[in-house]
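**Student:** In the working numbering, the protein residues as written are 71 to 295.
(1) Given a cut-off of 9 angstroms on the beta-carbon distance, is the pair residue 228 and residue 278 in contact?
(2) Hey, residue 215 and residue 187: beta-carbon distance below 9 angstroms or not?
(3) Kindly indicate the opening and closing residues of the alpha helix (DSSP H) around residue 225.
(4) Are the region 233-241 and the region 268-284 in contact at 8 angstroms, needing three or more beta carbon pairs?
(5) When burial is assigned at 16 or more other CB atoms within 10 Å of the CB, is residue 85 buried or exposed?
(6) What do you reckon, are the CB atoms on residue 143 and residue 155 nearer than 9 angstroms?
(7) Quick one: give me the first and last residue of the alpha helix (DSSP H) that residue 108 is part of.
(8) Could you pull the start and end residues of the alpha helix (DSSP H) that residue 257 belongs to?
(9) Any idea if residue 105 is buried or exposed, counting beta-carbon neighbours within 10 angstroms, 16 or more meaning buried?
(10) From the DSSP output, which residues share a beta bridge with residue 296?
(11) Name the one or two DSSP bridge partners that residue 238 has.
(12) From residue 95 to residue 120, what does the alpha carbon distance come to, in whole angstroms?
(13) Enumerate in chain order the residues of its own chain whose CB-to-CB distance from residue 81 is below 8 angstroms, with the five nearest sequence positions on each side excluded.
(14) Rank 176, 261, 109 by C-alpha distance to the C-alpha of residue 167 and give the top, closest one.
(15) Got a sec, what are the start and stop residues for the alpha helix (DSSP H) residue 272 sits in?
(16) Could you tell me whether any Cβ in chain C is nearer than 9 angstroms to the Cβ of residue 133?
(17) Give the DSSP bridge partners of residue 246, in chain order.
(18) If you run the structure through DSSP and keep just helix, strand and coil, what is residue 229?
(19) Indicate, with yes or no, if the ligand MN has a heavy atom lying under 8 angstroms from the CB of residue 268.
(20) Identify every residue that forms a DSSP beta bridge with residue 183.
(21) State the Cα-Cα distance for the pair residue 137 and residue 180, rounded to the nearest angstrom.
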């Protein structure tokens, strides 16, 4: 289709060239009636082909974006997490009956509140449901966990990346999990396009080497975000 499209463009430009030459030779007196008719027909044909190419490209992109990630053959097939299988265990988890009433049996948000590590009431006032402020030791604990995780991965050969928090619409469309991400993700509009707030560092990192050719001797590339 693209080959035929380019061929019709060449014919169209050749007609335009003929008209220019005739007008120049006749000092504008030649009406170029036949050539103008052919030019109009060529314009119409090109417009129809452009529309068809756009429709085919849209259909192709929709099909490509519906292809999921390649997974290992031993990954179980299921509709929800009930079909998940435990891959590996370490240690023996303690069996604690959480009742939210007695010391040693409290929920984690109750413990954080008692430690002054979280302010959920003010967070809800500002953000709404599930809103919260980390404060004091809660902030330090969060930073410590992030640093611990990053340090552990760096020791294993990963390169730490801190990605941008927004992505262009066309690139987000190539990496987002949700087919209806346009309504599921926060976005801002600028004069040069739309930008989407990332939900996870995986999204921009998956596009880190976008349109680059990576030689086999450069692999593996390991990143932690």
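Think of the CB as a built atom: it goes at the ideal place given N, C-alpha and C, for glycine as much as any other residue. Small disclaimer: the values here were computed from a predicted structure and weren't measured.
**Tutor:** So, to answer that:
(1) no
(2) no
(3) Unbroken alpha helix (DSSP H) run through residue 225: 207-225.
(4) yes
(5) Residue 85 comes out buried.
(6) no
(7) 103-135
(8) Run containing residue 257: none in the alpha helix (DSSP H); it sits in the beta strand (DSSP E), 257-260.
(9) buried
(10) Since the first residue shown for the chain is 71 and the last is 295, residue 296 is missing from the structure and cannot be characterised.
(11) 265
(12) Taken atom to atom, the span from the alpha-carbon of residue 95 to that of residue 120 is near 33 angstroms.
(13) 112
(14) It is 176 whose Cα lies nearest to the Cα of residue 167.
(15) 272-276
(16) Among the chains in the structure shown there is no chain C, since it carries only a single protein chain.
(17) Paired residues: none, contrary to the question.
(18) Secondary structure at residue 229: strand, using DSSP grouped into helix, strand and coil.
(19) Absent from the structure shown: the ligand MN. Ligands present: none.
(20) Under DSSP, residue 183 shares a beta bridge with no residue.
(21) 43 angstroms
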